[in-house]
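A.B. asks: Anchor point for the sequence shown: position 46 equals 47 in our numbering, and the numbering is continuous, going up by one each time.
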Amino acid sequence: MKLTMDREDILPILANMANIADRRPIQPILAHVLIEAAGQHCRFIATDQEVQLSVDKDHPVDTPGSCAVPARKLYDICRALPEHTPLEFHKDGEKLLLKAAKSRFTLHVLPAEQFPYLNIHSSRCQGDCEAALFREALAVTANTMAQNDARIFLNGVLLEVQGQEMRLVATDGHRLSMMTLPFANSLEDESFQCILPRKAVMELLRIVNGGNIHLSLSDTSFVLDDGYQQFACKLIDAKYPDYRRVIPQGHPFFAILDRQSFKSALQQSEVLVSDRNPTTQVHLGKNLMTLSSRNEEQEEGEIELSVEYQNDEMNIAFNSRYLTDSIQIFSQENIRMRIKDGNSAAVFTPLDSDNPVYILMPVRL
């Protein structure tokens with residue numbers, strides 16, 4: 002195998018491959034990126050047997066061939082080189098010779114035949130959507146995934162396809178986030194659900210960009226294809242709980258918050274929040290919200306901000322970090338906070354729609 006490629010063309014590819022490749026692999030080859038080169042085409046593939054990323058690139062090849070190269074080492078070498086350095090790859094036996102300007106590197110490679118491709122099953126549901134909307138929905142729900150929870154179905158994001166829509170949902174048992182987007186799919190009357198694992202969600206947030214994407218979903222695997230790269234992963238083998246049962250209904254009161262003012266007030270309040278018990282108390286009065294915090298040293302903070310609220314006075318307490326996440330989920334200028342009483346969950350939505358939704362359980366003092 003022999004080819005020459007500009008550093009700027011290959012560096013973004015290798016960055017994503019290094020994230021996928023296993024750093025402490027059971028099999029040594031899982032720490033490698035597979036490079037396949039033939040004719041006018043190159044393909045790069047990395048997997049840890051849970052997720053897999055392949056990238057296709059049109060590029061002339063001097064001599065066809067393939068080999069598996071240590072992913073992190075190759076990325077670190079290319080990253081350390083000057084911009085727009087031409088890189089010459091030449092496989093010689095069990096070695097890969099890499100020439101870059103006045104630099105020379107020799108890396109040990111493994112045979113391409115040993116590379117363990119992820120097993121992908123035929124899809125039960127497939128369709129197309131906007132990459133930007135899908136990424137936004139992933140970002141919204143990633144905030145509320147559980148981490149290392151014994152209930153494995155909470156350690157990921159639910160994808161639910163119904164009609165010509167896809168809904169993404171995540172909860173850790175204390176809060177829930179949800180976003181719906183158009184999804185032109187192959188289903189007719191039936192619905193389909195699957196659970197993306199946490200690692201897949203975080204990798205997708207890194208690699209999904211603009212344009213349109215094609216998704217293929219089965220009972221055991223997920224595949225995203227944007228025409229340039231293909232991402233695949235195993236799914237969590239579990240049934241997701243009925244999230245609709247925890248969506249509050251009939252919350253008669255609401256406050257309208259300016260997101261930037263709310264963000265500033267939360268940042269001030271968090272300065273004196275207890276590390277062991279991070280709680281922010283929220284008091285709502287006529288067109289006024291007061292955020293109160295206290296720590297173990299009996300230091301206190303009280304911040305007032307103007308809101309639109311015309312109902313009875315109310316006190317409700319939240320986990321401070323979870324409350325701060327509400328401003329990470331929304332990009333709109335104004336947020337609607339729907340409430341019932343001090344012991345019921347609060348529902349945060351944009352002012353002009355119910356998409357996305359963030360539901361936060363209160364803290365009992």
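Here a beta-carbon is modelled for each residue, glycine too, at the ideal position from N, C-alpha and C.
Should the region 167 to 179 be called in touch with the region 221 to 229, which here means at least 3 C-beta pairs below 8 Å?
C.D. replies: Verdict: no, contact absent.
A.B. asks: Taking the CB atoms as reference points, tell me whether Gln194 and Leu119 lie closer together than 7 Å.
C.D. replies: Result no, Cβ atoms of Gln194 and Leu119 do not sit closer than 7 Å.
A.B. asks: Hey, Ser294 and Val274: beta-carbon distance below 7 Å or not?
C.D. replies: Taking 7 Å as the Cβ cut-off, Ser294 and Val274 qualify as a contacting pair.
A.B. asks: Tell me whether Glu1 sits in a helix, a strand or coil according to DSSP, three-state version.
C.D. replies: The structure shown does not extend to residue 1, since the chain spans only 2 to 366, so no value can be given for it.
A.B. asks: Assess, as a yes-or-no matter, whether the region 61 to 81 is touched by the region 127 to 142 under the definition of 3 or more beta carbon pairs within less than 8 Å.
C.D. replies: At 8 Å Cβ cutoff, the stretches do not touch.
A.B. asks: Here's the rule I'm using: 16 or more other beta-carbon atoms within 10 Å means buried, otherwise exposed. How should His109 be labelled?
C.D. replies: With fewer than 16 other Cβ atoms within 10 Å, it is exposed.
A.B. asks: Leaving out five residues before and five after Ser67 in sequence, what residues of the same chain have Cβ atoms less than 6 Å from its Cβ?
C.D. replies: Answer for Ser67: Glu37 and Ala113, listed in chain order.
A.B. asks: Between the beta-carbon of Lys100 and the beta-carbon of Thr107, is there less than 7 Å?
C.D. replies: No, they are not a contact pair.
A.B. asks: With DSSP as the reference, please indicate the residues paired to Gly157 in a beta bridge.
C.D. replies: Answer is Pro198.
A.B. asks: What distance in whole Å lies between the Cβ atoms of Phe263 and Ile317, which are believed to be in contact at a cut-off of 8 Å?
C.D. replies: About 15 Å separates the two Cβ atoms, so there is no contact after all.
A.B. asks: Where Arg125 and Leu4 are concerned, what is the direct C-alpha to C-alpha distance, given to the nearest angstrom?
C.D. replies: Roughly 39 Å between the two C-alpha positions.
A.B. asks: Work out the CA separation of Tyr359 and Val348 for me, nearest whole Å.
C.D. replies: Taking the straight line joining both Cα atoms gives about 6 Å.
A.B. asks: I'd like the span of the beta strand (DSSP E) that includes Pro87, first residue to last.
C.D. replies: Unbroken beta strand (DSSP E) run through Pro87: Pro87 to Asp93.
A.B. asks: Are there 16 or more other CB atoms within 10 angstroms of the CB of Thr405, so buried, or fewer, so exposed?
C.D. replies: As displayed, the chain neither begins before 2 nor continues past 366, which places residue 405 out of reach and without an answer.
A.B. asks: Report the option in Gly174, Pro363, Ala346 and Ile46 whose CA atom is closest to the CA atom of Pro249.
C.D. replies: Here the closest residue by C-alpha is Ala346.
A.B. asks: What separation, rounded to the nearest whole angstrom, lies between the Cα atoms of Pro29 and Ala201?
C.D. replies: Distance between the alpha carbons of Pro29 and Ala201: 21 Å.
A.B. asks: Which parts of the region 198 to 276 are runs of the alpha helix (DSSP H), unbroken and 4 residues or longer, counting only runs that do not cross its ends?
C.D. replies: DSSP runs (the alpha helix (DSSP H)) wholly in the region 198 to 276: 199 to 208 and 260 to 271.
A.B. asks: Find the nearest neighbour of Ile153 within the set Glu84, Leu111 and Asp238, judged by alpha-carbon distance.
C.D. replies: Ile153 has its Cα closest to that of Asp238, out of Glu84, Leu111 and Asp238.
A.B. asks: Taking one C-beta from the region 81 to 94 and one from the region 147 to 164 each time, how about it: are there three or more such pairs within less than 8 Å?
C.D. replies: No, they do not touch.
A.B. asks: Taking 7 Å as the cut-off, decide whether the C-beta atoms of Leu285 and Met315 are in contact.
C.D. replies: Taking 7 Å as the Cβ cut-off, Leu285 and Met315 qualify as a contacting pair.
A.B. asks: Based on Cα-Cα distance, which residue from Tyr310, Ile121 and Thr142 lies nearest to Gln231?
C.D. replies: Of the listed residues, the one whose Cα sits closest to Gln231 is Ile121.
A.B. asks: Check Met362 in the structure and name its three-state DSSP category.
C.D. replies: Looking at Met362 - three-state DSSP - the assignment turns out to be coil, as it is neither helix nor strand.
A.B. asks: Tell me the DSSP secondary structure of Ile28 in three-state form.
C.D. replies: The residue asked about is misnamed: residue 28 is Gln in this sequence, not Ile. Coil.
A.B. asks: What whole-angstrom Cβ distance do Pro117 and Thr48 have, given they're in contact under 8 Å?
C.D. replies: Yes, they are in contact, since the Cβ atoms of Pro117 and Thr48 sit about 7 Å apart, within 8 Å.
A.B. asks: Taking the straight line between their C-alpha atoms, what separation do you get for Lys341 and Thr291?
C.D. replies: Cα to Cα, the separation comes out at about 18 Å.
A.B. asks: In whole angstroms, what is the alpha-carbon distance linking Arg168 and Arg8?
C.D. replies: Arg168 and Arg8: Cα-Cα distance of roughly 39 Å.
A.B. asks: The alpha helix (DSSP H) that contains Phe135, what's its start and end?
C.D. replies: Ala132 to Ala143 is the extent of the alpha helix (DSSP H) around Phe135.
A.B. asks: Anyone know if the C-beta pair for Val364 and Thr280 falls short of 7 Å?
C.D. replies: Yes, the pair counts as a contact, with Cβ atoms nearer than the cut-off.
A.B. asks: Between the Cα of Pro357 and the Cα atoms of Leu134, Cys43 and Leu289, which residue gives the shortest distance?
C.D. replies: For the residues Leu134, Cys43 and Leu289, the minimum Cα distance to Pro357 belongs to Leu134.
A.B. asks: Could you compute how far the alpha carbon of Tyr310 sits from the alpha carbon of Glu300?
C.D. replies: Spanning the two alpha carbons is a distance of roughly 29 Å.
A.B. asks: Near Thr142, what residues of its chain come up, given a Cβ to Cβ distance below 6 Å and the 5 sequence neighbours on each side ignored?
C.D. replies: Excluding positions up to five away in sequence, the list reads Val158, Leu169, Ala171 and Ser178.
A.B. asks: Less than 6 Å between C-beta atoms, sequence neighbours within five positions excluded: which residues of the same chain meet that for Gln127?
C.D. replies: If we look at Gln127 and ignore the five residues flanking it on each side, its Cβ neighbours are Ser187 and Ser217.
A.B. asks: Could you tell me the alpha carbon to alpha carbon distance between Ala39 and Ala69, rounded to whole angstroms?
C.D. replies: Whole-angstrom Cα-Cα distance: 15 Å.
A.B. asks: Which value, in whole angstroms, describes the spacing of the CA atoms of Arg246 and Leu12?
C.D. replies: Rounded to whole angstroms, Arg246 to Leu12 spans 46 Å at the Cα level.
A.B. asks: By a C-beta neighbour count over all protein chains shown, 10 Å radius and 16 as the cutoff for buried, is Ile367 buried or exposed?
C.D. replies: No statement about residue 367 is possible, as the shown extent of the chain runs from 2 to 366 and does not include it.
A.B. asks: Rounded to the nearest angstrom, how far is the Cβ of Phe184 from that of Glu166, given a contact under 8 Å?
C.D. replies: Between Glu166 and Phe184 the Cβ distance is about 6 Å, and since that is below 8 Å, they are a contact.
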